[in-house]
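Undergrad:
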Amino acid sequence: MMKKNISKLILLVMSLVLIVGCTATKNSNENDKADALSKIKANGKLVVGTAPGYPPFEFTVNKSGKSQVVGADIDLAKKIADEIGVELEIKAMDFDALIMALQSSKVDMVITSMTPTEERKKSVDFSDVYFEGTNSIIVNSNFSKDISKEDDLKNIVLGVQRGSVQEIYAKEVLKAPKIKSLTAIPDLIADMKNGNIDGIIASTVVAKINANQYDGLKLIDVNLSQANKEEAAIAIKKGDNKSLLDIVNKTIKSLKDSGQYEEILNKNIDLASKQ
Numbered sequence: 342m343m344k345k346n347i348s349k350l351i352l353l354v355m356s357l358v359l360i361v362g363c364t365a366t367k368n369s370n371e372n373d374k375a376d377a378l379s380k381i382k383a384n385g386k387l388v389v390g391t392a393p394g395y396p397p398f399e400f401t402v403n404k405s406g407k408s409q410v411v412g413a414d415i416d417l418a419k420k421i422a423d424e425i426g427v428e429l430e431i432k433a434m435d436f437d438a439l440i441m442a443l444q445s446s447k448v449d450m451v452i453t454s455m456t457p458t459e460e461r462k463k464s465v466d467f468s469d470v471y472f473e474g475t476n477s478i479i480v481n482s483n484f485s486k487d488i489s490k491e492d493d494l495k496n497i498v499l500g501v502q503r504g505s506v507q508e509i510y511a512k513e514v515l516k517a518p519k520i521k522s523l524t525a526i527p528d529l530i531a532d533m534k535n536g537n538i539d540g541i542i543a544s545t546v547v548a549k550i551n552a553n554q555y556d557g558l559k560l561i562d563v564n565l566s567q568a569n570k571e572e573a574a575i576a577i578k579k580g581d582n583k584s585l586l587d588i589v590n591k592t593i594k595s596l597k598d599s600g601q602y603e604e605i606l607n608k609n610i611d612l613a614s615k616q
């Protein structure tokens with residue numbers, strides 16, 4: 342009799358284990374199938390990857406003794422998080438590590454003034470363009486070489502941010518023989534001041550701010566053909582992301598149509614210029 346009871350008890354425990362296991366597997370499968378927007382809502386936060394050092398889009402300031410990432414891209418991220426109804430978490434990393442972080446789901450999206458190139462579209466999906474601008478060359482104030490046309494850039498050492506469209510332009514379009522790629526614009530400027538770089542290719546907005554921030558810099562006007570136009574869009578992991586892209590594009594359109602994005606950009610240009 343006791344053996345029968347023990348057998349029944351074992352069967353009951355095994356049944357409960359199977360039920361719990363099946364339920365857990367079902368929940369896990371449901372989570373895997375959930376679209377990108379649903380996952381963000383379930384987590385209660387939007388995790389955004391960015392690469393500080395590119396003012397006015399993303400840069401660091403010191404507030405109450407703590408370093409904080411701010412900028413036009415951060416304000417845009419906050420607007421999107423508010424629209425979704427979740428908190429915002431910013432993860433700062435090197436520019437050339439961002440797409441990998443997105444693909445491995447370490448971040449939900451990348452907002453870092455990233456140009457939606459055809460090559461990048463093979464790896465990630467992009468929102469509508471939220472910023473359009475041009476590129477310029479930053480040089481030391483005592484720079485005296487004749488750079489009147491694009492081909493003249495082949496005669497100097499060019500600095501570019503690693504992983505950027507400016508790097509692609511310098512290597513693949515211009516085919517400049519002397520290129521130095523570093524992680525961030527401030528690193529390039531420091532290297533230029535040390536005499537290792539002659540000129541830095543950067544977004545005109547970014548170039549102007551850096552020329553104002555650092556003594557002994559100026560911009561030179563050169564038509565950079567394919568690199569003369571810069572666009573920025575938000576990168577999102579490929580997959581079931583239509584509902585997320587819809588809400589992102591809706592937010593971008595609203596900010597641009599209302600003039601709020603221009604206000605955000607101008608506010609951060611002013612803030613970055615004072616750093």
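Take 342 as the starting number for the sequence shown in the working numbering and just add one per residue.
Built from N, CA and C at the ideal position, the CB exists for glycine as well.
Quick caveat, the model's predicted, so the values are computed rather than measured.
1) Can you tell me whether Asn590 is helix, strand or coil according to DSSP?
2) Could you check what DSSP says for Phe436 in three-state terms: helix, strand or coil?
3) Do you know whose CA, among Val514, Ala613 and Ser595, lies nearest Asp469's CA?
4) What residue range is occupied by the uninterrupted beta strand (DSSP E) comprising Lys386?
5) Per DSSP, which residues does Gly426 bridge with? Please list them.
6) Per the DSSP calculation, Met455 is bridged to which residue(s)?
7) Is DSSP giving Asn476 helix, strand or coil here?
8) Go ahead and label Asp466 buried or exposed: buried means 16 or more other beta carbons lie within 10 angstroms of its beta carbon, across all protein chains shown.
9) For the beta strand (DSSP E) that Gln409 lies in, which residues bound it at each end?
10) For Ala438 and Gln444, what's the separation of their Cα atoms in angstroms?
11) Flag this pair as yes or no: are the beta carbons of Ser290 and Ile542 separated by less than 9 Å?
12) Tell me the DSSP secondary structure of Ala511 in three-state form.
13) DSSP three-state label for Gln502, please.
14) Which same chain residues, not among the five before or five after Lys330, have their C-beta less than 8 Å away from its C-beta?
15) Helix, strand or coil: which one does DSSP assign to Tyr602?
16) Of all the options Lys447, Gly504 and Val480, which has the alpha carbon lying nearest to the alpha carbon of Glu460?
17) Nearest-angstrom Cα distance between Asp598 and Ser454?
TA: Based on what the coordinates show:
1) helix
2) helix
3) Ser595
4) Lys386 to Thr391
5) Per DSSP, none; premise fails for Gly426.
6) Ala574
7) strand
8) buried
9) Lys407 to Val411
10) 10 Å
11) Residue numbering for the chain in the displayed model covers 342 to 616; residue 290 lies beyond these limits and cannot be assessed.
12) helix
13) strand
14) Residue 330 is absent from the model: the chain starts at 342 and stops at 616.
15) helix
16) Gly504
17) 19 Å
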